[in-house]
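Engineer: Structure below; questions to follow.
Numbering (our numbering), first residue to last: 444 to 694.
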């Protein structure tokens with residue numbers, strides 16, 4: 444951070460970014476509990492606890508194994524999410540003109556203006572994944588492979604975000620009361636598909652949370668594996684405690 448931002452701003456980033464990562468881990472753990480409650484009617488504590496155990500196990504298994512697991516999950520998450528979005532738009536595209544319904548989403552706005560929300564989203568994704576993306580890029584065989592991965596990944600994320608945002612807007616009034624709106628959209632397609640999608644959604648949360656845990660923990664006691672493992676356990680336990688706060692309150 445000091446190399447790109449200078450001494451003082453770099454030091455500030457070294458404080459702000461780890462705190463942001465730790466809080467995001469707690470949010471994702473809480474999201475797992477909210478998903479378990481919304482669809483399976485399970486105690487949120489159970490859902491959050493299972494997520495915490497899984498992400499800790501994957502971190503302790505090592506970076507290479509984590510990459511293989513996450514890379515295996517991501518295509519399913521993208522494919523199912525895009526399918527839910529496109530199917531919703533085909534059924535409800537006519538409701539996009541109902542601007543009054545959008546007011547139902549005002550309470551959940553991240554910022555007072557859409558441009559600021561976009562910048563916040565971009566910054567959050569960059570902060571959370573920068574360490575992981577850098578380490579992942581080193582595993583590419585050639586520069587061309589790394590560039591191809593970046594382009595394909597960016598396009599896939601852009602398509603997924605665009606489709607899902609329009610799908611949510613087409614059901615703005617209905618989904619405003621749900622902590623996990625995409626589950627509501629999946630349930631509109633079919634109950635069986637919603638059950639499958641809820642598992643896919645949890646897998647997506649797991650992959651995001653696992654990479655965030657690695658970004659946060661890998662920098663601490665990097666030269667002492669034993670202390671690093673102890674630190675990772677302590678981190679997940681603290682984040683789990685924070686994750687017991689209702690998901691709607693955290694976000």
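Here a beta-carbon is modelled for each residue, glycine too, at the ideal position from N, C-alpha and C.
Between the region 631 to 639 and the region 446 to 463, can you find at least three pairs of beta-carbon atoms closer than 8 Å?
Structural biologist: no
Engineer: Return the chain-ordered list of same chain residues with a C-beta closer than 8 Å to the C-beta of residue 678, the five sequence neighbours on each side being excluded.
Structural biologist: Result list for residue 678: 465, 468, 656, 659, 660, in chain order.
Engineer: State yes or no: is the C-beta of residue 674 within less than 8 Å of the C-beta of residue 687?
Structural biologist: no
Engineer: Quick check for students: name the residue ranges of the alpha helix (DSSP H) that lie wholly in the region 555 to 641, counting only runs of 4 or more.
Structural biologist: 557 to 581, 586 to 612, 615 to 618, 624 to 632
Engineer: Starting from residue 454, follow the alpha helix (DSSP H) in both directions and report where the run begins and ends.
Structural biologist: 450 to 483
Engineer: Assess contact between the region 495 to 503 and the region 638 to 658, defined as three or more Cβ pairs (one per stretch) separated by less than 8 Å. Is contact present?
Structural biologist: Enough Cβ pairs lie closer than 8 Å, so yes.
Engineer: Measuring alpha carbon to alpha carbon, tell me which residue in 508, 470, 506, 509 is nearest residue 490.
Structural biologist: 470
Engineer: Between which two residues does the alpha helix (DSSP H) containing residue 535 stretch?
Structural biologist: 506 to 535
Engineer: Please report the straight-line C-alpha distance between residue 597 and residue 496, rounded to a whole angstrom.
Structural biologist: 30 Å
Engineer: So, does the region 582 to 594 touch the region 605 to 612, judging by three or more C-beta pairs under 8 Å?
Structural biologist: no
Engineer: Closest to residue 481 by C-alpha separation, out of 515, 612, 683, 640, would be which residue?
Structural biologist: 640
Engineer: Shortest alpha-carbon distance to residue 602 belongs to which of 567, 669, 523?
Structural biologist: The residue with the shortest Cα to Cα distance from residue 602 is 523.
Engineer: Applying the criterion that 16 or more other CB atoms from any shown protein chain within 10 Å of the CB defines a buried residue, is residue 568 buried or exposed?
Structural biologist: exposed
Engineer: When DSSP labels each residue in this structure, what does residue 666 get in the three-state scheme?
Structural biologist: coil
Engineer: Taking C-beta to C-beta, are residue 475 and residue 648 nearer than 8 Å?
Structural biologist: yes
Engineer: Where does residue 487 fall in DSSP's three states?
Structural biologist: helix
Engineer: State the DSSP-derived secondary structure class of residue 687, mapped to helix, strand or coil.
Structural biologist: It is coil, neither helix nor strand.
Engineer: So, for residue 498: in the same chain, excluding its five sequence neighbours on each side, which residues have a beta-carbon less than 7 Å away from its beta-carbon?
Structural biologist: 649, 652, 653, 656, 679
Engineer: Thinking C-alpha only, which one of 670, 626, 510, 575 is nearest residue 484?
Structural biologist: 626
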